[in-house]
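A short write-up of the structure that comes next.
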Amino acid sequence: MRDFLRRLSRHRKAAVGGSLLVFFLLLAVVGPFFVMDPTDLVGRPHQPPSAAHWFGTTGQGQDVLAQTVVGARETLAVGFAVGALVTLVGALVGVTAGYLGRRVDDVLSLTTNVFLVIPGMPLAIVLGAYLPSGPLRMVAVLTVAGWAWNARVFRAESLALRGRDFVSAAVVTGESHSRIVSRELLPNMASLLGSSFIGNTLYAVGAQVGLEFLGLGDVSAVTWGTNLYWAGNDAALLTRSWWIFVPTGMCIALVGFALTLVSSAIDEMTNPALRVHKAAPLPATPAPRSHLERPVPGVLLRVEDLCIDYATEKGPSRVVDSVSFDVAPGEVFGLAGESGSGKSTIGSALLGLLPASARVTQGRILFNGMDVTALEGPALRAFRWRQVSMVFQSAMSALNPVLTLGEQFHDTLAAHGRVSRGTSYARARELLGMVGLSPDLVTAWPHQLSGGMRQRVGIALALALEPRLIIMDEPTTALDVVVQKELLQRMVELKQRLGFAMLFITHDLPLLLALSDRVGVLQGGKLVEVDTSTNLRTGARHPYTQLLLSSFPHLSAKDAAPAAQPVQTPELSVSRPSTRVAAIPGGHR
Amino acid sequence: MGRYILRRMGFYLIAAWASLTLNFIIPRLAPGDPAAAMFARFEGKVAPEAMGALKAAFGFTDAPLYAQYFTYLKHLVQGDLGMSYAYFPARVTEVIGTGLMWTVALAGVAVIISFVVGSFLGVLAAWNRGGWLDSGLAPALAFLGAFPYFWLAMLALYLFGFVLGWFPLRHAYGHDMEPGLSFAFAADVARHAVLPASSIVVATLGGWMLGMRNTMVATLGTDSIRLAHARGLPPRQVMLRYAARNALLPNVTSFGMAVGFVLSGSLLTEIVFSYPGTGYLLILAVRNQDYPLMQGLFLVITLAVLAANFAVDLICLWLDPRTRAHA
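Chains as they are written, first to last, in the numbering used here: chain A, 988 to 1576; chain B, 22 to 348.
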């Protein structure tokens, strides 16, 4: 928590927002001692700013500066009080619903959702019209109209925490509910409580000012809302007295802006994905020696002394270090290594798909004599998929969920030449048949397919333009063993029929040895050994290769070997949407 | 799919019932006797013997609470919201009718423009992350969004109405216009709507932009976008058909939730421009202590928001094949 506060104070948004807030708090607390009485009639009405009255006078002849400063006090006090109360009520209802679950949750969630759809301002107006006037009325009305959103957020959060191991453990050991809530749940919600409080204060200030502007506050009190109410009533616009309403509006906006900044800073600290990384700059990509070379016969892909750096906050970090290898046309080349060894980064670099924070800092990737690292724009797009395609590990999530399969095939084909939808769909049916799926799936959506089926779609998509090289990036890792085996057999058959080369990337070395002609072993970004599968199987020289070989059960090496008989494809149907997710070996989700 | 729609309809029916009941309970729980205060205003206007009938018409009788409740529900089902005090003897439904039309037109148009433009700006900001849209326009709009809607309305009215004189100062159309289906009338209505609508748009644009930008940033990091790039798809197609189309879904859901909030803000905007919508009527009702009109308005506004939410649910269903299948 202290560490969190320290990081918060270093955050730029938090610093700006925080200082603004502190300024207004000081203004509210000590400001009123330094200005004149805001209700005194000190001058002629509607006077523009002058030396005597820096912000001019109101329609009744009061000092606008005094009104603005004094108005901060009650506005902020009510704002923070409502903010705290709304957070408290919301957290109480939400945590109770999320923690107790079942009937209690049903009732509380329904109540919450109902209050969420009832518009707050009209409800507050009606409530306010019936209650006796005063600051307490404002607090009550705003709390009733505003608690629901928080309850919803806190319910979701406590549901998530409820399922976590440490809470389940506390439940099993028979700790009391109140103890679990106060000791296990609430401390883990500290940042949520903080950001909710700020969000609610923002709501409270805005709604309060709105209600007071309508005259539903105590119109004899001096607050920012009543200032604007009187500005409207005393014809500030008609008399062109902009100084009456501009300062108050500015103050409200600055407070609101400050709260937004602090809340978005908290969001960014707890959810780093939203942050723009300020990483140390990377050295520029070396100027390519030449874009085109005469293709070397017998070499389809040549990776030459390739280095790739990632920009991190601590400076560049090398993830691929002077890697060189060749892939021949029609060859199956395997890249083995643990996660973090740089194998997938190499795969991405081959298609120019490195993330913005990564860069090729040395070396070349020559595809048929053309330097891929130097390609850009339309040339790069024309190269992608037409020459080299890729099957992702995560075909489950790599397909666009809102487009049918046929549309995704059509987009792919249309990006590389003019085709009609009819032609694309016919080709898509053909491709789906090639990977053992029913051609009728062209009209299916990705969510209707099982994991194994989606991975087949990924392969069909990779074959669409008959590329000369297909990168398989851990294509079977997320699938169960049986599906894995069928898929690989299908891949080998297709390769024999169509003659493409394959770059197969996986951590499963025995699998690679069964599948590939040659295998390269990556460790910490360096290629430590490259040899034919036959040689590696009988006598791996590098200790790391030996370690990788011994760390897998021998099951997969034999089983994954391509079988001669054709694969039996399971009965596939789209009529019943499948919610089955392929099991993950050894894992339980 | 049918089951999903039925479930949502069930929820909105419960929500509608809850707001009807709130509407019934609030005046009766209030300290003091608002009914007595209200009827005190009628003294002298109405014959004493008619008072009993009048009270009954407003639902305040000496009958037990549950009986009053059923009478209240019966009147509602018949579309009877009682009589307005301020516009006596007009019925509340007549007073609300025209106001609702103006509010739906003004707030509806403004909200849709704001959502569409804001979302599109968010898409562009996320696509060119760190560019001028992202680091310049987004914070500027966030700052504008911190102003209360009605204050921006006051400023717009001051600058473009009073000082520059470009736009009319108040009402929905000029008093010399004959309402009808003429081009001149439509143009006059549009001219009157420019300032109130644009102040709502300016106040809300930043929120939509930021929301869309954040979901878009998350979507751009997924493998679905990597695969789209790998296939060599044109950038504009990746941005709109692959990223924005998916990033839109959560934002449409939050659009539904924000409808009530935006409407609340636009009610205040109406008051600044004396725009004859439900917000303006509502505040007049509060100032005149016209409780029947006030409660009728609360009910109608709430039901309108529920309807808008249901419409958004249907749009979500149409946009997302996954809910379509599982629902």
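Using N, Cα and C, we set each Cβ at its ideal position, and we do this for glycine too.
Cβ atoms of L1246 (chain A) and L1198 (chain A): under 9 angstroms apart, would you say? Within the first sequence, residue 1198 (chain A) is the residue found at index 211, counting from 1. Within the first sequence, residue 1246 (chain A) is the residue found at index 259, counting from 1. Cβ atoms of L1198 (chain A) and L1246 (chain A): not closer than 9 angstroms.
C-alpha distance - G1085 (chain A) paired with D1092 (chain A), whole-angstrom precision: Residue 1085 (chain A) sits at position 98 when you count from the first residue of the first sequence. Residue 1092 (chain A) sits at position 105 when you count from the first residue of the first sequence. Cα to Cα, G1085 (chain A) sits roughly 6 angstroms from D1092 (chain A).
Opposite I1457 (chain A) in the DSSP bridges: which residues? Here residue 1457 (chain A) corresponds to residue number 470 of the first sequence, with the count starting at 1. Per DSSP, A:S1376, A:M1489.
Which residues in chain B have a C-beta closer than 7 angstroms to the C-beta of S1381 (chain A)? List them in chain order. Here residue 1381 (chain A) refers to the residue found at position 394 when the first sequence is read from its first residue. Under the 7 angstroms cutoff, chain B gives D244.
Specify, as a first and last residue, the run of the beta strand (DSSP E) that E1318 (chain A) falls within. Locating residue 1318 (chain A) in the first sequence gives position 331, counting from the first residue. Careful: E1318 (chain A) lies outside any beta strand (DSSP E) and carries neither H nor E.
Distance, G23 (chain B) Cα to L1123 (chain A) Cα: The residue given as residue 1123 (chain A) occupies position 136 in the first sequence. The residue given as residue 23 (chain B) occupies position 2 in the second sequence. Looking at the two C-alpha atoms, the distance is approximately 46 angstroms.
Between the C-alpha atoms of V1286 (chain A) and V1378 (chain A), what's the straight-line distance to the nearest angstrom? Along the first sequence, read from residue 1 onward, the residue named residue 1286 (chain A) stands at position 299. Along the first sequence, read from residue 1 onward, the residue named residue 1378 (chain A) stands at position 391. Near 22 angstroms, if we compare the C-alpha coordinates of V1378 (chain A) and V1286 (chain A).
Can you confirm whether W1229 (chain A), when its beta carbon is compared against all beta carbons of chain B, has any partner nearer than 9 angstroms? The residue you call residue 1229 (chain A) lines up with position 242 of the first sequence. Chain B contact via Cβ: present.
Inter-residue spacing [alpha-carbon to alpha-carbon] between V283 (chain B) and A325 (chain B): On the second sequence, position 262 is the one that residue 283 (chain B) refers to. On the second sequence, position 304 is the one that residue 325 (chain B) refers to. For V283 (chain B) and A325 (chain B), the distance between alpha carbons rounds to 13 angstroms.
Mind checking P1553 (chain A): buried by the 16 CB within 10 Å criterion, or exposed? Against the first sequence, residue 1553 (chain A) aligns to sequence position 566. Since pLDDT at P1553 (chain A) reaches only 40, below the 50 mark, its modelled position is unreliable, and no value is offered.
What residues in the region 172 to 200 of chain B bring their beta carbon closer than 9 angstroms to a beta carbon of chain A? W172, L173, M175, L176, L178, Y179, L180, G182, F183, V184, L190
Which class does Q1510 (chain A) belong to by DSSP, given the choice of helix, strand or coil? Mapped onto the first sequence, residue 1510 (chain A) falls at position 523. It is a strand residue.
Hey, how far is the Cα of M1108 (chain A) from the Cα of A1191 (chain A)? For the purposes of this step, residue 1108 (chain A) is taken as residue 121 along the first sequence, with counting starting at 1. For the purposes of this step, residue 1191 (chain A) is taken as residue 204 along the first sequence, with counting starting at 1. Straight-line Cα distance between these residues: approximately 11 angstroms.
Check whether the Cβ of Y1297 (chain A) lies closer than 9 angstroms to any Cβ atom in chain B. The sequence position of residue 1297 (chain A) within the first sequence is 310, counting from 1. Chain B, which has no Cβ nearer than 9 angstroms to the Cβ of Y1297 (chain A), makes this no.
Going along the chain, which residues of the region 1384 to 1418 of chain A sit with their C-beta nearer than 7 angstroms to a C-beta in chain B? S1384, A1385, L1386, N1387, P1388, V1389, D1398, T1399, A1402, H1403
If I measure Cβ to Cβ from A1111 (chain A) and keep anything under 7 angstroms in the same chain, skipping five residues before and after, which residues do I get? Along the first sequence, read from residue 1 onward, the residue named residue 1111 (chain A) stands at position 124. For A1111 (chain A), where only same-chain residues beyond five positions count, the Cβ hits under 7 angstroms are V1128, L1129, A1132, A1194, L1198.
Kindly list the residues whose CB is nearer than 6 angstroms to the CB of S1006 (chain A), restricted to its own chain and excluding five residues on each side of it in sequence; keep chain order. Residue numbering aside, residue 1006 (chain A) sits at position 19 when the first sequence is read from its first letter. So no residue of the chain qualifies.
Within 9 angstroms, strictly: CB atoms of L289 (chain B) and F1200 (chain A): Translated into the one-based positions of the second sequence, residue 289 (chain B) becomes position 268. Translated into the one-based positions of the first sequence, residue 1200 (chain A) becomes position 213. By the CB criterion at 9 angstroms, L289 (chain B) and F1200 (chain A) fall inside the cutoff.
Candidates A:T1083, A:T1332, A:V1126, A:G1321: which alpha carbon is nearest R1346 (chain A)'s? Here residue 1346 (chain A) corresponds to residue number 359 of the first sequence, with the count starting at 1. Of the candidates A:T1083, A:T1332, A:V1126, A:G1321, the one whose C-alpha sits nearest the C-alpha of R1346 (chain A) is A:T1332.
For W123 (chain B), the nearest candidate out of B:I134, B:G300, B:T344, B:A88 (CA to CA): The sequence position of residue 123 (chain B) within the second sequence is 102, counting from 1. The residue among B:I134, B:G300, B:T344, B:A88 with its C-alpha nearest the C-alpha of W123 (chain B) is B:G300.
For R1373 (chain A), return the contacting residues in chain B, with the cut-off set at a CB-CB distance below 9 angstroms. By 1-based counting over the first sequence, the position of residue 1373 (chain A) is 386. In chain order: G253.
My output table needs one value for F188 (chain B): the three-state DSSP class, helix, strand or coil. Here residue 188 (chain B) is taken as the residue at index 167 of the second sequence, counted from 1. Here F188 (chain B) sits in coil by DSSP.
Members of the region 317 to 329 of chain B that neighbour chain A once the beta carbon cut-off is set at 8 angstroms: Residues of the region 317 to 329 of chain B whose Cβ lies closer than 8 angstroms to any Cβ of chain A, in chain order: L318, F319, I322, T323, V326, L327.
DSSP state of I1105 (chain A) mapped onto helix, strand, coil: Here residue 1105 (chain A) corresponds to residue number 118 of the first sequence, with the count starting at 1. The answer is coil: DSSP assigns I1105 (chain A) none of H, G, I, E or B.
Spell out whether any CB of chain B is found under 9 angstroms from the CB atom of T1055 (chain A). For the purposes of this step, residue 1055 (chain A) is identified with residue 68 of the first sequence, where counting begins at 1. False, the Cβ-Cβ gap to chain B never drops below 9 angstroms.
For L1535 (chain A), which residues of its own chain have a beta-carbon under 6 angstroms away from its beta-carbon, when the five flanking residues on both sides are left out? Position 548 of the first sequence, counted from the start, is the residue given in the question as residue 1535 (chain A). If we look at L1535 (chain A) and ignore the five residues flanking it on each side, its Cβ neighbours are L1496.
N- and C-terminal bounds of the beta strand (DSSP E) containing L1466 (chain A): Along the first sequence, one-based indexing puts residue 1466 (chain A) at 479. Premise fails: L1466 (chain A) is in no beta strand (DSSP E) and is neither H nor E.
Beta-carbon separation of A332 (chain B) and G227 (chain B) under 9 angstroms? Taking the second sequence and counting its residues from 1, one reaches residue 332 (chain B) at position 311. Taking the second sequence and counting its residues from 1, one reaches residue 227 (chain B) at position 206. Taking 9 angstroms as the Cβ cut-off, A332 (chain B) and G227 (chain B) do not qualify as a contacting pair.
Alpha helix (DSSP H) segments (min. 4 residues) lying fully within the region 204 to 248 of chain B: The region 204 to 248 of chain B contains these whole alpha helix (DSSP H) runs: 204 to 241.
Taking C-alpha atoms, which residue in B:L190, B:W229, B:N235, B:L94 lies nearest to G151 (chain B)? Stepping through the second sequence from its first residue, residue 151 (chain B) is reached at position 130. When each option's Cα is compared against that of G151 (chain B), the closest is B:N235.
R112 (chain B) - DSSP class collapsed to helix/strand/coil: Counting from one through the second sequence, the residue named residue 112 (chain B) turns up at place 91. The answer is strand: DSSP assigns R112 (chain B) an E or B state.
Pairwise C-alpha distance: W153 (chain B) and A161 (chain B): Position 140 of the second sequence, counted from the start, is the residue given in the question as residue 161 (chain B). Position 132 of the second sequence, counted from the start, is the residue given in the question as residue 153 (chain B). So the two alpha carbons sit approximately 11 angstroms from each other.
Considering just the uninterrupted stretch of the beta strand (DSSP E) at F1354 (chain A), what are its terminal residues? By 1-based counting over the first sequence, the position of residue 1354 (chain A) is 367. Start and end: 1345 to 1354.
Nearest-angstrom Cα distance between G1302 (chain A) and G1204 (chain A)? Here residue 1302 (chain A) corresponds to residue number 315 of the first sequence, with the count starting at 1. Here residue 1204 (chain A) corresponds to residue number 217 of the first sequence, with the count starting at 1. Near 56 angstroms, if we compare the C-alpha coordinates of G1204 (chain A) and G1302 (chain A).
The region 108 to 115 of chain B / the region 193 to 208 of chain B touching (three or more Cβ pairs under 8 angstroms): no
With a floor of 4 residues, list each alpha helix (DSSP H) that falls wholly inside the region 96 to 182 of chain B, ordered by position along the chain. Those alpha helix (DSSP H) runs which fall completely within the region 96 to 182 of chain B and span 4+ residues are 113 to 148, 159 to 166, 170 to 177.
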